[in-house]
Amino acid sequence: MGGSRVRPLRFFLLLLVLHQCRDHCSSGSTTPAAEAFIRWKNSLEWYPLDALSSWNGAAAGAPPPPCNWTGITCDATAGVVGIDLQHLGLRGTLENLNFSSFPSLISLSLSNNSLSGGLPPSLGNLSKLTHLTLDGNRISGPIPPEIGSLGELQVLDLSENNITGGIPPSLCSLKKLREVSLDMNHISGGIPTEIANLTMLERLALFNNSLTGRIPPSMGSLKRLQYLDIRWNRVSGPISPLFGGLESLQRLYLRGNQISGIIPPEIGKLRNLRVMTLSNNSLTGEIPPSLGGLVNLERLQLHGNQISGAIPVEIGNLRSLRVLRLSRNNLSGVFPPFLDNLTSLEHLLLYGNKLSGPLPPQIGGLQNLVELDLRWNRFSGSIPLTIGTMTKLGSLDLSWNNLSGSLPKQLQDLTYLTSLNLSHNNFSGQLPFSIPRLQSFALIDFSHNDLVVPASYEGVIPHESFVGNRVEASSNGSNSSASQKPSRKGRVKVVISVVVPVSALLIILFASAKIRRLRKEQTAEDMDGREVQKNKNLFSVWNYDGGNVFEDIIQATENFDDRYCVGVGGNGSVYEAELPTGQVVAVKKFHQPEDGEAAYDATFRKELCAVTGIRHRNIVKLHGFCFHARCAFLVYENMEKGSLASVLSNDESAMELDWVSRVNAVRGVADALCYLHHDCTPAVVHRDISSSNILFDSEFRACVSDFGAAKLLRVGSSNWTGVAGTRGYIAPEFAYTMKVTDKCDVYGFGVVALETIMGTHPGDLVSSLSLRPSSTGRSGLDILVKHLLDPRLPDPVLEVSREICSVVMVALACVRADPNARPTMQQVTQELSSHRQQPFEPFDAITLHQLMDFRPDMSRSEASISIKG
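Going by the working numbering, the sequence shown wraps up at 1508, each residue one higher than the last.
So, in structure tokens, the structure goes:
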């Protein structure tokens, strides 16, 4: 009897256990992977609520967590095999992510977030991992040696972080690696010789680090390598002849190092090579004729070395070549007539050499040429008439040669030609240009020749563009001072003063003319290779004794040592220099252009012309500049607190930037852009408004900097342009219009304003706004404004919270997808400076949706919400 009563009880208990097990399994609350994700999510400093809203358990009928969660992929056994959380603005570390909970993980992608801290050694437990991409974060510290345990790894991308230390030898044991990207970090030491063990390697990117030592000759055994980029490091020594074994190589970038010796002839075996950039090194010897075997080569850049001899005839075999840059070497001989075989050539830059003799008529065969730069050579004779067949030519620079004769009338017919420099030659006769044609040039210079300039040209082009020629007498018999031509061996001294020009067009021509005049420090006859490098200098620092200031800056930065580098941008690096007077300045040293689409000084000249004469308390002040054949830099006021991006990336400095300072910073940037757009003539569009280009002084005064991408908007002119700007701040319409307008800056300002308030890049928020199905759609817009605020700061007081709402409201209008719906910067400044009194709304209850209806044309009584405490 007793046993019969026990059996039903046991059966009941068994059913209860099974029921609880079923509930336990369906909820997934104790799944190790789910628990690991929840713990990590809770440890993050910031994450988008919408993106990770699914990370909270299982829905009825859905797969068990975390397999149904955003960014998580599972296999048939519910094991996590993929984590993809790119571009979400996640802020935190990886230390609290328990990687041992994902033994089946194959792919881990956390690219383009704001993750910081180190790489946890526990990553080495992911024995099945094939793809690890953590690029575009703020990860610091060394690469842990445990990474050598990832035996299945095929793709490793740690680029654009703050990683230090060396490349661990254990990484070279991962024999399945196909792609390794460690670029744009602070990695030091040498390249391990063991890298030759990576026999499957196809891509190796190590550029923009602090690598030293020699490039291991053993790398020549990497038969599958297609892409090798070691630009902008400090590697030295010769290029090994064993590099001829890189039979699959398509792109080779070694520029900006200290590589010496000759170019090994074995390089000519790389028949798949499309791009070879060895510029800005210390290479010597001659160009090997074997390079003529690189029949697929599209870009050959050897500029900024000490290469000598003649250009070998075999270069004429490179029929796929589009860019040939051999400038600033010691090349001699004549202009290679065989270059007319290069029918695909678009950019030819041979300036700063010792080339001599006449320009051959074969030059007219280069009918696809867009840019021809032959300045600072010893060419003689006349310009061949065949130049008229080069109908695509946009930029022609023949200055500082010994050319003579009359200017061919065919120059008038080159309709795409917008930049022409024929200065410092011996040309004579009449100018073959009509006044309307002259007015179409963006840059023109006939100075220091023996040309006859009609008096009617005065006032059409700047006086500096034809000084040193003979000007015809005007109708009243008076002569221009330009008729007083100085001796060709005379020296020109120019005192540069700060003036406020009547138009930005005059700024460009004025600054460009001074650059050209100051280069006449030495006669053309004496300009051999090394003398060119010494004497093509331009330097002026206003309100400072300029006699030794060039040397002072070189000494203060120890020849631009990385220890003094405080930032790196798209077209230059910024260094901090303390002058002997005790004054601390910021020195922006320009990179040389990677491609041949502009001459060496084009970027420098562009920024100089953009900032000369601009004076505004929220724009970084220009103190002076230096132009040199191997070095070009601008001298700005020093901004002690650094960039907005760097301030927000550091918790201590971010907390120092309180709410009042942040609102004032947004207003300051708005005022600066309003000045550029509405008070400058012609208007200046910055084109690269980003948190990296907003700088703070010691009092957190915000200033706009980096005008390297700036463009002047002239009435009636084309505003089509090439790509410029920083990813995440470029207006969406630019991708399909390629046309620059002031609304591009407005969009960038909106992103920066939101970033200032949120403490991180608002990429996910901006993307969700652009995906709204209609103007009344509420996708993600019920987010409370208070949830967007940087959590590192205490809640704002009542008055400041009103200002924050005003900033957010304007910023949301600025990032609208339709540029016509965005306000102007003038309307932005008016809105940010207004003080409204409307019906009250608790700050804690205000949503983004309530701030989305601001229109540039609405009255103040319609526009925004006031807040009650």
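Note that the Cβ used here is the ideal one computed from N, Cα and C, for glycine as well.
Beta-carbon within less than 6 Å of residue i's beta-carbon, same chain only, minus the 5 sequence neighbours each way: which residues are those?
| i | result |
| --- | --- |
| V819 | L795 and L843 |
| L988 | R964, S966, D1012 and G1235 |
| V1223 | E1217 and N1277 |
| M823 | S798, E799 and N847 |
| Y1183 | Low confidence applies here, because Y1183 scores a pLDDT of 41, under 50, leaving its location unreliable; read the following figure in that light. Nothing meets the Cβ criterion. |
| N1088 | N1064, F1066 and N1108 |
| S761 | F738 |
| G1281 | none |
Helix, strand or coil for residue i per DSSP?
| i | result |
| --- | --- |
| A1341 | strand |
| S1058 | strand |
| G1355 | Only weak support is given to the placement of G1355: the predicted model assigns it a pLDDT of 38, under 50, and the value that follows is read from those uncertain coordinates. It is coil, neither helix nor strand. |
| L1334 | strand |
| Q1069 | strand |
| S959 | coil |
| S1122 | Residue confidence for S1122 is low, a pLDDT of 42 falling below 50, so the modelled location carries little weight and cannot support an answer. |
| W679 | helix |
| V1298 | Note that residue 1298 corresponds to Trp in the displayed sequence, not to Val. If DSSP states are grouped into helix, strand and coil, W1298 belongs with the helices. |
| M839 | coil |
| S798 | coil |
| T851 | coil |
| S766 | coil |
| D1509 | The requested residue 1509 is not part of the displayed model; the chain covers only 640 to 1508. |
| L1315 | helix |
| H1262 | strand |
| L1013 | coil |
| I1074 | helix |
| V1467 | helix |
| M915 | strand |
| A1081 | coil |
| I1396 | helix |
| K1382 | helix |
Just to confirm, is the Cβ distance from residue i to residue j under 8 Å?
| i | j | result |
| --- | --- | --- |
| S899 | R873 | no |
| L749 | N707 | no |
| K1048 | N1016 | no |
| V1449 | L1408 | no |
| S740 | A675 | yes |
| V1092 | L1070 | yes |
| S1079 | F1105 | no |
| S693 | G731 | no |
| L789 | L773 | no |
| L688 | H1488 | no |
| T709 | G721 | no |
| L922 | Q945 | yes |
| S809 | P784 | yes |
| I1022 | G1003 | no |
| S743 | G718 | yes |
| G948 | G907 | no |
Going by beta carbon distance, what residues of the same chain come within less than 8 Å of residue i, once the five residues before and after it are set aside?
| i | result |
| --- | --- |
| S1038 | R1014, W1015, N1060, L1061, S1062, H1063, N1064, D1084 and R1155 |
| Q1006 | T982, T1028, M1029, T1030 and K1031 |
| F1018 | F974, L994, S995, G996, P997, L998, L1037, N1040, N1041 and L1042 |
| Q1465 | C1313, H1316 and H1317 |
| S1095 | I1074 |
| R870 | F846, N847, Y892, L893, R894, G895, N896 and T916 |
| K862 | T838, G884, L885, E886 and S887 |
Among residues of its own chain, excluding the 5 on either side of residue i, which ones have a beta-carbon nearer than 7 Å to its beta-carbon?
| i | result |
| --- | --- |
| R1301 | T1395 and I1396 |
| M1294 | R1431 and L1432 |
| R1202 | none |
| C811 | P831, E833, I834, N836 and L837 |
| A607 | In the structure as shown, the chain starts at 640 and stops at 1508, and residue 607 therefore has no counterpart that could be examined. |
Using beta carbons (cut-off 8 Å, strictly below), is residue i in contact with chain C?
| i | result |
| --- | --- |
| Y1096 | As a matter of chain content, chain C is missing from the structure shown, which is built from one protein chain. |
- Message: Ignoring anything shorter than 3 residues, give me the beta strand (DSSP E) runs that lie fully in the segment 1083-1109, in order along the chain.
- Response: With a minimum length of 3 residues, the continuous beta strand (DSSP E) runs that stay inside the segment 1083-1109 are 1089-1092.
- Does the segment 925-932 come close enough to the segment 951-959 that 3 or more CB-CB pairs lie under 8 Å? Taking 8 Å as the limit for Cβ pairs, the verdict is that the segment 925-932 does touch the segment 951-959.
- Between the segment 1363-1373 and the segment 1306-1321, do at least 3 Cβ pairs fall closer than 8 Å? The segment 1363-1373 vs the segment 1306-1321: no contact.
- Report yes or no: do the segment 1464-1474 and the segment 1326-1340 share at least 3 C-beta pairs separated by less than 8 Å? Touching, no.
- Message: Using 8 Å as the cut-off, can you tell me whether the segment 825-835 makes contact with the segment 878-885, which would need three or more C-beta pairs spanning the two stretches below that distance?
- Response: The segment 825-835 makes no contact with the segment 878-885; the number of CB pairs closer than 8 Å stays below 3.
- Message: Extract the residue ranges of the beta strand (DSSP E) inside the segment 855-897, only unbroken runs of 3 or more that lie entirely within it.
- Response: DSSP runs (the beta strand (DSSP E)) wholly in the segment 855-897: 866-868 and 890-892.
- Message: Taking contact to mean 3 or more Cβ pairs, one atom from each stretch, closer than 8 Å, check whether the segment 910-927 and the segment 887-895 are in contact.
- Response: A contact exists between the segment 910-927 and the segment 887-895.
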